[in-house]
Amino acid sequence: MQAFLDIFDIYLLEAVINGILLGGVLALLALGLNLIFGVIDVTWICYAELVMIGMYAMYFLVQYYGVSYFIAAPLTILLVAILGALLHYLVIAPLLTAPPINQLLATGGVLFVLQSFATVAFGIDFRNLGIRLPVLAFGDMNFSYARLLSFLAALVGMVAVYLFMTRTFTGTAIRAISQDRQIMALMGVDTKRIYLITSALGGALAGLAACLLVLQYDVHPFVGLSFGPITFLICVLGGLGNFIGGFIAAFVFAEIISLGGLFSDLEWGYVLAFAFFIVMMFIRPAGLLARRR
Amino acid sequence: MTGRHMAWGIGLAALAALPFVYRDPYHLHILVLILIWSFAYTSWSMMGRFGLVSLGHGGFMGIGAYVTALLWNHLGLSPWIGIPISMIAAGALALIVGYPCFRFRITGHYFVLVTLALSGIVLQVITATRDYTGGSLGYTPNRASGNKLLALQFDDKTTWYLIALAVWLGGIVVWHLIDRSMSRHALEAISEDEDAAAAAGVDVTAEKLKITLISAVMTALAGAVYCQYQMFITPDTVSGIAVSLQMVFAAIVGGLFVSLGPTVGAVITILLAETLRIGFGTKAVGWDNLVYGVLLVLFIIFLPKGILGSLLDRLKPQRKVPRAHEQKAVQIARPGT
Chain D
1 MQAFLDIFDI YLLEAVINGI LLGGVLALLA LGLNLIFGVI DVTWICYAEL VMIGMYAMYF
61 LVQYYGVSYF IAAPLTILLV AILGALLHYL VIAPLLTAPP INQLLATGGV LFVLQSFATV
121 AFGIDFRNLG IRLPVLAFGD MNFSYARLLS FLAALVGMVA VYLFMTRTFT GTAIRAISQD
181 RQIMALMGVD TKRIYLITSA LGGALAGLAA CLLVLQYDVH PFVGLSFGPI TFLICVLGGL
241 GNFIGGFIAA FVFAEIISLG GLFSDLEWGY VLAFAFFIVM MFIRPAGLLA RRR
Chain V
294 MTGRHMAWGI GLAALAALPF VYRDPYHLHI LVLILIWSFA YTSWSMMGRF GLVSLGHGGF
354 MGIGAYVTAL LWNHLGLSPW IGIPISMIAA GALALIVGYP CFRFRITGHY FVLVTLALSG
414 IVLQVITATR DYTGGSLGYT PNRASGNKLL ALQFDDKTTW YLIALAVWLG GIVVWHLIDR
474 SMSRHALEAI SEDEDAAAAA GVDVTAEKLK ITLISAVMTA LAGAVYCQYQ MFITPDTVSG
534 IAVSLQMVFA AIVGGLFVSL GPTVGAVITI LLAETLRIGF GTKAVGWDNL VYGVLLVLFI
594 IFLPKGILGS LLDRLKPQRK VPRAHEQKAV QIARPGT
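Right, dumping it as structure tokens:
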């Protein structure tokens, strides 16, 4: 035991566990994005901005209207789910037959809109919930309750989505569409409705992530840029549309960021993660779990 | 064709003569900004018009600006040497990232997201090495004590206007050279169908790498010129995803497929931002991007060829060779032909 501790000192272990906790939320974000990509074949570049709007919603509900956190959370999830459906209805639906690049760029435009809307409406101040959860001390290691709670909630969210996808008719239809887009319409499935439901579900996952992230981070209009790119990298690394690949990639990335941050600044953790990503594109261009054709 | 050449000649002469006739420093400043950004947007559109949508150009621009400034401040290397070095650096990075992308057929969404990672890396590296680059607070090249020309620092707007005009013109010339070359046909074939192009004997990887290299090197030059002109750069104004998206936006609004499209895009976006800034002052923070975003979405849905592109199509529909999907529509309309 002593030898074990000599090699893995306590800070390393703490960083590893914090990485796992961070990975939970990242996996949740990646799941939402993968769902949208897998079913509708569209990448929402503005996904992290939906999370940002959700974080603002939480902030205003809790701080201004004095709603309790546990009532505000479902309201926020509902709001972001509606936003997701609206995004699909207004922007993606007219572009469904356009080249994929145009769809991606249109959501890039939505990114601008949401970011600057937040700047105009809420200003560029950093805001936080004012809820400071205690720190859990375990041996010599410290973990924040916020991270632990987020990790658990993210797991619950993912299990719920998994059950929905496997146990309900709509979920089965969604999985079927992600396998073959053309045939499902012939099988009598209303693809438009399924797309809307999927978009709302993706939005709801963004809303859940917002409720969890708002516990750990301050809200400002550009907060999306701090975890948006990493979410895309996770999805690509896991293989776009591959749920399990995204899940694993989220934890790999979280560990790299957490351990990289241990040895140097947090930014270097990100640099390391980005560099790792580009190296992985050489080795496994179609994602971690890609089947060799 | 001579008429077209005449028009270009007269237009250029008028542009070159402008600062000697009209000397309002604010308006010249706006024009210089428009020219520098037009050059950057034109560089982006060289790739973008062939379906190679890159969100990594913010990274190339950041490299151009920061490498030049860092070499000047820390090593005292003149920008005359620093700018080529920064362009080589950006080109090398473009090759390192581009080669696996093209070799392993990373296209569409994947390509966009990989290049997104690239601009993320550059932004984070600039922020992380804050001891040298000043981090997110920005960076200022030292004022030259001796020879202004050697340091490429000029105080008057007229000189900068002429430099920016020359650089912009260079960009347009390169655009036209590529437009006339075989590469353009090869790249158009690739953007329609990679496998078919490869089967027809097009070296897909080499052609894509060539255009990526040209585009990245030119973008780095734009960053370096911007840095020398403004004498102040921050990671957010010259690199990162926001800058990349801004390039995409301007190029699409102006028109991707015509040489002056990105320039028109730059004129529209910069004038819009300035008008809002002057009209509303600090209250306008964010409004310009809000308008950009809405316009970008509307343009992609209703006018994907951009303002200038659609205008030219409207003016002379017979000159334009229809692209593959348009030809298909024609065939469906007239069966049997």
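Just so you know, the protein sequences line up as chains D and V, in that order. The letter at position 273 of the first sequence is residue 273 when you use this note's numbering, and the numbering goes up by one with no holes. So the mapping is simple: this note's numbering equals the position in the second sequence, first residue as 1, plus 293. Ideal Cβ placement from N, Cα and C applies to all residues, glycine included.
Rounded to the nearest angstrom, how far is the Cβ of residue i from that of residue j, given a contact under 8 Å?
i                 : j                 : result
Ile248 of chain D : Gly261 of chain D : Between Gly261 of chain D and Ile248 of chain D the Cβ distance is about 21 Å, and since that is not below 8 Å, they are no contact.
Met380 of chain V : Ile504 of chain V : Actually they do not touch by this definition, with Cβ atoms about 16 Å apart.
Leu321 of chain V : Lys450 of chain V : 4 Å
Gly351 of chain V : Ser532 of chain V : 5 Å
Tyr519 of chain V : Ala358 of chain V : 6 Å
Asp403 of chain V : Val236 of chain D : In the sequence under discussion, the amino acid at residue 403 of chain V is Tyr, which differs from the Asp named in the question. With 8 Å as the limit, Tyr403 of chain V and Val236 of chain D qualify as a contact, their Cβ atoms being about 6 Å apart.
Glu500 of chain V : Leu480 of chain V : 6 Å
Phe525 of chain V : Gly431 of chain V : 6 Å
Leu348 of chain V : Leu538 of chain V : 7 Å
Tyr454 of chain V : Pro318 of chain V : That pair is no contact at about 10 Å.
Phe631 of chain V : Arg297 of chain V : Because chain V in this structure spans residues 294 to 630, residue 631 of chain V falls outside the shown range and cannot be described.
Excluding the 5 residues preceding and the 5 following residue i in the sequence, name in chain order all residues of the same chain whose CB lies nearer than 8 Å to its CB.
i                 : result
Ile625 of chain V : Unreliable positioning characterises Ile625 of chain V in this predicted model, as indicated by a pLDDT of 38, which lies under 50. A coordinate reading is not provided.
Val497 of chain V : Phe395, Ile483, Glu487, Ala490 and Ala491
Tyr270 of chain D : Ile230, Ile257 and Gly260
Ala106 of chain D : Val91, Ile92 and Leu95
Trp268 of chain D : Gly260 and Gly261
His367 of chain V : Tyr425
Ser371 of chain V : Trp365, Leu443, Ala444 and Leu445
Tyr11 of chain D  : Leu262
Ala566 of chain V : Asp581
Got a sec: is the Cβ-Cβ distance from residue i to anything in chain V below 8 Å?
i                 : result
Ser116 of chain D : yes
His88 of chain D  : no
Pro74 of chain D  : no
Asn102 of chain D : yes
Ala27 of chain D  : no
Met281 of chain D : yes
Leu288 of chain D : no
Trp268 of chain D : yes
Leu263 of chain D : According to the sequence shown, residue 263 of chain D is Phe rather than Leu. Chain V contact via Cβ: absent.
Ala106 of chain D : yes
Leu240 of chain D : yes
Leu21 of chain D  : no
Phe276 of chain D : no
Thr119 of chain D : yes
Which same chain residues end up closer than 6 Å to residue i when comparing Cβ atoms and leaving out the 5 residues on each side of it in sequence?
i                 : result
Asn128 of chain D : Asp218
Phe274 of chain D : none
Phe253 of chain D : Ile234 and Ala273
Gly294 of chain D : There is simply no residue 294 of chain D to check, as chain D begins at 1 and stops at 293 in what is shown.
Thr562 of chain V : Ala543
Asn18 of chain D  : Ser258
For residue i, which residues from the same chain have a beta carbon less than 7 Å from its beta carbon, with the 5 sequence-adjacent residues on both sides left out?
i                 : result
Val62 of chain D  : Tyr69, Ala72 and Leu129
Thr420 of chain V : Gly428, Ser429 and Pro528
Leu458 of chain V : Leu308, Ala309 and Leu328
Please tell me whether residue i has its Cβ less than 8 Å away from any Cβ of chain D.
i                 : result
Tyr585 of chain V : yes
Asn435 of chain V : no
Gly350 of chain V : Here residue 350 of chain V turns out to be His, not Gly, going by the sequence shown. His350 of chain V does not count as touching chain D.
Thr420 of chain V : yes
Pro393 of chain V : yes
Ala410 of chain V : yes
Trp468 of chain V : no
Ile545 of chain V : yes
Trp373 of chain V : no
Gly413 of chain V : yes
Tyr315 of chain V : no
Tyr359 of chain V : no
Ile356 of chain V : no
Trp453 of chain V : no
Pro312 of chain V : no
Gln417 of chain V : yes
Ile594 of chain V : yes
Val590 of chain V : yes
Meets three-Cβ-pair contact criterion under 8 Å: the region 146–157 of chain D and the region 204–220 of chain D: In this structure the region 146–157 of chain D touches the region 204–220 of chain D; the number of beta carbon pairs closer than 8 Å is three or more.
So, do the region 34–52 of chain D and the region 168–183 of chain D have three or more beta carbon pairs nearer to each other than 8 Å? yes
Does the pairing of the region 550–561 of chain V with the region 80–93 of chain D give three or more beta-carbon distances under 8 Å? In short, these stretches do not touch, since the Cβ pair count stays below three.
Length at least 4, wholly inside the region 321–389 of chain V: the alpha helix (DSSP H) runs in chain order: Runs of the alpha helix (DSSP H) inside the region 321–389 of chain V: 350–368.
I'd like to know if the region 111–123 of chain D and the region 220–228 of chain D are in contact, where contact means that at least 3 CB-CB pairs between them fall below 8 Å. Taking 8 Å as the limit for Cβ pairs, the verdict is that the region 220–228 of chain D does touch the region 111–123 of chain D.
Within the chosen definition, does the region 500–514 of chain V reach the region 418–428 of chain V through at least 3 CB pairs nearer than 8 Å? no
Flag this pair as touching only if the region 325–335 of chain V and the region 404–412 of chain V have three or more C-beta atom pairs under 8 Å; answer yes or no. no
Would you call the region 429–444 of chain V and the region 307–324 of chain V touching, i.e. three or more CB-CB distances under 8 Å? Under the 8 Å Cβ criterion, the region 429–444 of chain V does not count as touching the region 307–324 of chain V, having fewer than three qualifying pairs.
Inside the region 480–510 of chain V only - alpha helix (DSSP H) runs reaching at least 4 residues: 487–492
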